[in-house]
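Student: Next up is a structure, given as C-alpha cells.
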C-alpha cells in the first residue's frame, strides 16, 4: 500500500514535529487536537522550526511555509481522519486518555488506515484492542524528528507482519533512520541504553563515588560528547527521568529516584525551569575551561 | 612537592603512552620492564605515535623524537627507580604479578616516591600494603592518553589526602582531565557507565528485542556518535568485556557473557582479530549508507 494522507493526533511537541516533517516530505497532513489554542500554537511552532531549518539546513523557507499552509489543523475528528492512510498518535502519555482517543478514531477511521502510537513509555498492546483493529496497530516512535532522526517500529504480538516494511519505508521517507524493535520493550532501544547509563551515573553520585562534574567530564572526554549524563538529564527533564527511575525496584535506582525527587520538589526540573543539576542558560559544563 | 622524575613500570600499550606523554610534558622518564624486547618495542611505538601526532596535532616531530631519546629504558629496577618522584605501574593485570612488582619497588624506591597503579579492573587497596607505603599509594588510571585524555585519581581508604592535589596537578601537566574517584570503585567512573550501557545493549540483543545493527544505529543517531555499543565492543575487545560481564550475577549479564564467550571461542575478539560483531578493516557500521 502507498501512504499519501497522514493524520496526526495531538498537537504537542512531538505531534507538531512529525506533522511538519510529513508535510515537508510531501504528504497530505491533518493535525487533530481537542484544543484550538494548541492547534494555533502548533502552527506557530512549525513556522519557527522552518525558519531555523532555513538557517541550519538547505531548506528553503518559502517551500517550508508553503508546506505548512497545506496542513489541515482541526478539532473535528471526522475531518482529521478523512481518507487517512496512517494515524500517528502523540496525545497525553496517559493510558486512559490514549484509550479514549483510540476508541473514537478506531471507529471513524476509513478501512485502509494504519494505526500507530508515538508513546514513549507505554506499549502498543495497551491500546491495540481498544482501537478495534489490533492487526493494523503498531508503535511508531519518533525521537526528535529534526535532531535525533531515528524512528522505532515496535509491533505488539498481534500486529500483522506486513505492516513492518510499510512503516520502514514511511520512516525513511520522513528522513528518519528506521529501527525494528522485534517485540514490545518499554524504552524501545535507545531509551533502554540511555536509562542504563544514566542509572549508573546516578549510582556513582548517590554512592558518593564522584561529583556531578567529574562524572560528566569522564563521559564527555571519553566519548567526545558535548554533555555528560547530568547535562543530558537536565535536557530530558528530571521529572521525565524520575517517572522511569522510581519504578525500578533495585536499591541504586531507588536512591537515585529519591535524589531526583528532591530536585523536583525544589522546582529544579532541568533546563526548562532554569535549574537542574546545573543552572541555565549558561551551565558550567558548557563553559570554556570545564575540561581543563 | 614538585614532581620531576617519573618511573613507569611495564612497557606495554598504556605504560608506553604514559611514559611518552610524560617525556613530552618535560619530565625526566624511566621505563622499566623485565623484557628487553618489550622495551625496544615500546621505543618503536613511541616513535610511531610521535610521527602520527606530528600529522594530527601541532607537535614537532623532532621535538618529540628528542623527548624519546631522553627516556631511560631499562630492565634494571634500581636504575629505573633512581630518584623517582612518582611511579606509575602498568604491568600485567594480575594480582600476583602486581604484588611481586610492588613488593620489590616499595623496598628500593627513594623515600620521596609516590606510588601509583594504572590498574583497569583491580583496586589500589590490593597492593597498597604490599608496597610498604600504603599512605603514599593511590590509583592513577589513564584511558588512552592521546585520544581519551582523562585520568582517574582513586585513593584507597588509607591514602594520605595530601596526595590528591599533587596527582591532580600531575594529571593536568600531562594534558589530561583529572577526575577524582572519592572511594574505591571497580571500573572507576567511565567504565561503570560504559559497562552499564553496553550491558543494556547486550540485554536487547540476547532478549531478541533488536538486531546488532539496529541497536548500534539507535545509539549512533541519537548521540551523533561514530559507533554504537557493538562497534565499541569490537574496539574494546570482546575478551575484555567478557572479563567484566561474566562476573555480574544477574541473568541478563550471564546471558550476554555466554554470547560473548561464543564469539571468543570462535576467535572473534573484535577489531584486533579481524572479526567480532562486525568484520574488519571495513565494518558495516562505518560504510556510507549504514544510517540510511
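Protein chains in written order, with our numbering: chain A, 44 to 335; chain B, 44 to 335. We put the beta carbon where it would ideally sit given N, CA and C, even for glycine. All values derive from a computational prediction rather than experimental measurement.
#1: Output yes or no for whether 8 Å exceeds the beta carbon distance between residue 67 (chain B) and residue 58 (chain B).
#2: Do the segment 122-139 of chain B and the segment 149-161 of chain B touch if we need at least three Cβ pairs shorter than 8 Å?
#3: I'd like to know whether the C-beta atoms of residue 118 (chain A) and residue 70 (chain A) end up nearer to each other than 8 Å.
#4: Give the list of continuous beta strand (DSSP E) stretches no shorter than 3 residues that lie fully inside the segment 59-88 of chain B.
#5: Give, in chain order, every residue of the segment 231-251 of chain A whose Cβ lies closer than 7 Å to some Cβ of chain B.
#6: Taking only beta-carbon atoms, is residue 272 (chain A) less than 8 Å away from chain B?
#7: Under a CB-based cut-off of 8 Å, is residue 226 (chain A) close to chain B?
#8: Please classify residue 203 (chain B): does DSSP put it in a helix, a strand, or coil?
#9: Would you kindly check if the distance between the Cβ of residue 164 (chain B) and the Cβ of residue 269 (chain B) is under 8 Å?
#10: Spatial neighbours of residue 192 (chain A) within its chain, please: C-beta separation below 8 Å, excluding the five flanking residues on both sides.
#11: Closest by CA to residue 223 (chain B), which one among B:181, B:256, B:249?
#12: If the cut is a Cβ gap below 7 Å, which residues of chain B does residue 257 (chain A) touch?
#13: By Cβ distance below 7 Å, which residues in the same chain neighbour residue 274 (chain B) in space, the five residues on each side in sequence not counted?
#14: Jot down the residue ranges of each uninterrupted beta strand (DSSP E) in the segment 276-303 of chain A, minimum 3 residues, whole runs only, in chain order.
#15: How long is the line joining the alpha carbons of residue 293 (chain A) and residue 247 (chain A), rounded to whole angstroms?
#16: Below 7 Å on C-beta distance, what does residue 261 (chain B) contact in chain A?
#17: Let me know if residue 140 (chain A) comes out buried or exposed under the rule of 16 or more other beta-carbons within 10 Å of its beta-carbon.
#18: Sort out for me which residues DSSP pairs residue 185 (chain A) with in a bridge.
#19: Hey, does residue 337 (chain A) have any beta-carbon neighbour from chain B nearer than 8 Å?
#20: Count the C-beta pairs between the segment 226-240 of chain B and the segment 201-218 of chain A that are closer than 8 Å, then say yes if the count reaches three, no if not.
#21: Examine chain B for any beta-carbon lying closer than 8 Å to the beta-carbon of residue 334 (chain A), and answer yes or no.
#22: Given a cut-off of 8 Å, decide if residue 300 (chain B) and residue 288 (chain B) are closer than it, judged by their beta-carbon atoms.
#23: Buried or exposed for residue 44 (chain A), please, with buried defined as at least 16 other CB atoms from any protein chain shown within 10 angstroms of its CB.
#24: Helix, strand or coil for residue 114 (chain A), going by three-state DSSP, please let me know.
#25: Given that residue 268 (chain A) touches chain B, what residues does it touch there, using C-beta distances under 9 Å?
Tutor: In this structure, then:
#1: no
#2: yes
#3: no
#4: 71-75
#5: 232, 233, 235, 236, 239, 240, 242, 243, 244, 247, 251
#6: yes
#7: yes
#8: coil
#9: no
#10: 186, 218, 219, 220
#11: B:181
#12: 222, 223, 232
#13: 259, 321, 326, 328
#14: none
#15: 15 Å
#16: 193, 222, 232, 233
#17: exposed
#18: A:194
#19: An answer regarding residue 337 (chain A) cannot be provided, because it is not within the stretch 44 to 335 covered by chain A.
#20: no
#21: yes
#22: yes
#23: exposed
#24: coil
#25: 266, 267, 268
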